[in-house]
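Number of protein chains: 2
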Amino acid sequence: MNLLLIEPQEMKNNEVWLTDRRARHLIHVLKVNTNDIVRVGVLHDRLGFGKVTAIEEEKLCLEVCLEQKPVIDLHIELILALPRPIMLQRILKQATVLGVRHFHLIRTRRVEKSFFQSPVLRPDKIQTLLKEGMEQAMDTWLPGVTLHLQFKPFVEDVLPSLEGQGLIAHPTARHTLLDAPAPNSSQKRLLLAIGPEGGWSDYEYQCFCEAGFFGLTMGKRILHVDTAVVTALAQVQLLYDLRKR
Amino acid sequence: MNLLLIEPQEMKNNEVWLTDRRARHLIHVLKVNTNDIVRVGVLHDRLGFGKVTAIEEEKLCLEVCLEQKPVIDLHIELILALPRPIMLQRILKQATVLGVRHFHLIRTRRVEKSFFQSPVLRPDKIQTLLKEGMEQAMDTWLPGVTLHLQFKPFVEDVLPSLEGQGLIAHPTARHTLLDAPAPNSSQKRLLLAIGPEGGWSDYEYQCFCEAGFFGLTMGKRILHVDTAVVTALAQVQLLYDLRKR
């Protein structure tokens with residue numbers, strides 16, 4: 076936990092009493108004492124510091140000073156064919172660490188129906204994973220997560236309403252990310268689509284292309300979905316940094 | 076399993092009988108029939124195809140035709156402060172998928188001593204993970220793995236003998252990968268050093284810098300070690316592709 080996340084309504088006159096796992100983490104893992112300073116962030120708001128002013132058994136009081144606005148540079152929404160639960164957990168957390176702003180979990184032909192029944196998709200479970208990612212990366216932005224149970228309504232109704240240049244990974248695409256029209260300093264919003272373990276069907280890939288998505292190959296090596304997600308996010312970030320220079 | 080890996084000594088006149096988990100995978104998971112064709116690669120050698128010529132209960136015969144030489148482009152050796160076992164497993168596999176040629180697992184101040192007792196470090200366990208990575212990425216190169224139990228002898232005796240430009244990730248480094256002197260088409264050998272969860276000590280970082288390593292920051296977000304490894308490998312590959320153009 077590199078950042079202690081606080082909900083806005085928990086603050087009262089710059090003071091917050093913690094009584095849950097955060098208090099226990101501070102007391103038992105970080106072993107803080109009175110007057111110690113910890114990094115603090117308020118959900119969807121600023122970052123700053125908290126001074127420990129009181130410790131009582133399993134609860135703890137912080138005096139909070141917020142100063143630094145969160146930096147939102149690239150705005151990436153990840154469109155992901157719902158992977159198997161264990162992989163989904165890892166991706167939600169890792170992609171949050173890497174700054175994804177919204178997850179669209181979609182149904183495609185090669186997604187197993189049973190994946191949609193997974194307990195990982197329970198809102199409280201998802202929120203825990205996302206918050207762990209935010210605490211790691213020191214980010215106060217809680218990504219959104221939307222589940223789309225059918226492919227066609229997603230492509231026809233939702234996709235046109237999303238803002239940003241679309242990129243879709245597909246092994247037979249002729250171009251690479253280096254040819255992609257975005258990101259750059261005038262187009263910082265991206266929709267990144269990553270298929271299921273068995274790949275997109277031709278029809279699905281076609282639908283994305285018709286919606287203006289740029290198809291790109293990620294090289295000759297076949298990556299697992301979680302590796303593909305981190306690889307694509309890392310490369311998009313590097314390309315953006317390079318084009319910004 | 077995108078590639079069936081065969082050891083050179085298993086081949087007899089372009090024929091190979093499989094009796095282990097590979098046979099079971101072909102028969103029960105891929106459900107191959109006689110005359111079916113599968114992608115085949117010989118360890119540290121060429122790739123090609125295998126035609127199923129016989130299936131007998133739990134064993135299976137392939138007629139192998141090898142044609143394609145493996146492409147070795149970037150040669151990356153990963154110097155990794157030994158992470159906790161569960162993370163090590165993931166990194167060995169993912170980094171093999173991404174093409175790492177050699178792993179140097181080293182001891183640093185913030186590596187827990189107990190990690191060196193982990194059963195994950197048993198040679199057969201390591202080899203299974205690496206082979207899974209090769210099967211996924213369709214690569215016939217089995218990466219080497221060396222365990223270095225002490226930091227100083229590694230830095231003083233081993234490091235000078237390794238070939239390639241060194242890059243070391245460190246949060247307070249002033250440069251980013253975009254400023255790094257390699258990779259490029261005349262320097263395709265890289266030594267990439269990634270520290271433990273708590274980071275390198277100042278002394279350790281200094282040792283690498285004195286050995287000619289280029290220090291780079293991976294951005295403001297603090298990444299888990301496994302995410303950092305995949306991110307760094309993905310970005311090095313993109314930068315190489317870009318500079319090659």
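In order, the protein sequences belong to chains A and B.
Okay, so the first sequence: first residue is 76 according to this note's numbering, each after it adds one.
Okay, so the second sequence: first residue is 76 according to this note's numbering, each after it adds one.
For each residue, glycine too, the CB sits at the ideal point set by N, CA and C.
Closer than 9 Å at the beta carbon, the chain A residues around residue i
i: residue 299/B; result: 168, 169, 172, 211
i: residue 305/B; result: 169, 301, 302, 305, 306, 309
i: residue 77/B; result: 297
For residue i, the residue or residues it bridges with in DSSP
i: residue 140/A; result: 124/A
i: residue 113/A; result: 125/A
i: residue 178/B; result: 153/B, 220/B
i: residue 131/B; result: 134/B
i: residue 85/A; result: Note: residue 85/A sits in no beta bridge, so no partner.
i: residue 93/B; result: 135/B
i: residue 80/A; result: 116/A
Assumed close pair residue i, residue j - CB separation to whole angstroms, cut-off 8 Å
i: residue 183/B; j: residue 245/B; result: Not confirmed; about 12 Å, so no contact.
i: residue 267/A; j: residue 154/A; result: 7 Å
i: residue 180/B; j: residue 234/B; result: Contact flag wrong, Cβ pair sits at about 14 Å.
i: residue 249/B; j: residue 218/B; result: The pair is not a contact, with the Cβ atoms about 31 Å apart (cut-off 8 Å).
i: residue 94/B; j: residue 133/B; result: 7 Å
i: residue 89/B; j: residue 127/B; result: That pair is no contact at about 14 Å.
i: residue 315/B; j: residue 173/B; result: Not quite, the Cβ-Cβ distance comes to about 12 Å (not below 8 Å), so this is no contact.
i: residue 120/B; j: residue 296/A; result: Not really, about 18 Å apart at Cβ, beyond 8 Å.
i: residue 167/A; j: residue 224/A; result: Contact flag wrong, Cβ pair sits at about 18 Å.
i: residue 160/A; j: residue 190/A; result: 7 Å
i: residue 230/A; j: residue 286/A; result: 7 Å
i: residue 137/B; j: residue 82/B; result: Their Cβ separation, rounded to whole angstroms, is 13 Å, which puts residue 137/B and residue 82/B out of contact at 8 Å.
i: residue 151/A; j: residue 265/A; result: 5 Å
i: residue 302/A; j: residue 169/B; result: 5 Å
i: residue 210/B; j: residue 77/B; result: 6 Å
i: residue 311/B; j: residue 252/B; result: 7 Å
i: residue 185/A; j: residue 271/A; result: 4 Å
i: residue 220/B; j: residue 201/B; result: 5 Å
i: residue 107/A; j: residue 113/A; result: 7 Å
Within chain A, partners of residue i - CB distance below 8 Å
i: residue 314/B; result: 313
i: residue 120/B; result: The premise fails here: residue 120/B is roughly 17 Å from chain A at the closest Cβ pair, so nothing lies under 8 Å.
i: residue 184/B; result: The premise fails here: residue 184/B is roughly 19 Å from chain A at the closest Cβ pair, so nothing lies under 8 Å.
Beta-carbon neighbours of residue i, restricted to chain B and to distances below 7 Å
i: residue 317/A; result: 253
Residue i: contacting residues in chain B (beta-carbon distance under 9 Å)
i: residue 296/A; result: 172, 173, 174, 211, 212, 213, 214
C-beta neighbour in chain E for residue i, strict 8 Å
i: residue 90/B; result: Going by chain labels, chain E is absent from the structure shown, which instead holds the protein chains A and B.
Any non-hydrogen atom of the ligand PLP within 7 Å of residue i CB
i: residue 183/A; result: This structure does not include the ligand PLP; it has no bound ligands of any sort.
query = Taking Cβ-Cβ distances below 9 Å as the criterion, which residues of the segment 244-272 of chain A are in contact with chain B?
reply = 251, 252, 253
message = Extract the residue ranges of the beta strand (DSSP E) inside the segment 242-302 of chain B, only unbroken runs of 3 or more that lie entirely within it.
response = 264-269, 289-291
Ordered list of beta strand (DSSP E) runs contained in the segment 199-247 of chain A, each at least 3 residues = 219-223, 240-244
Selection of the segment 213-236 of chain B by Cβ proximity to chain A, strictly under 9 Å = 213, 214
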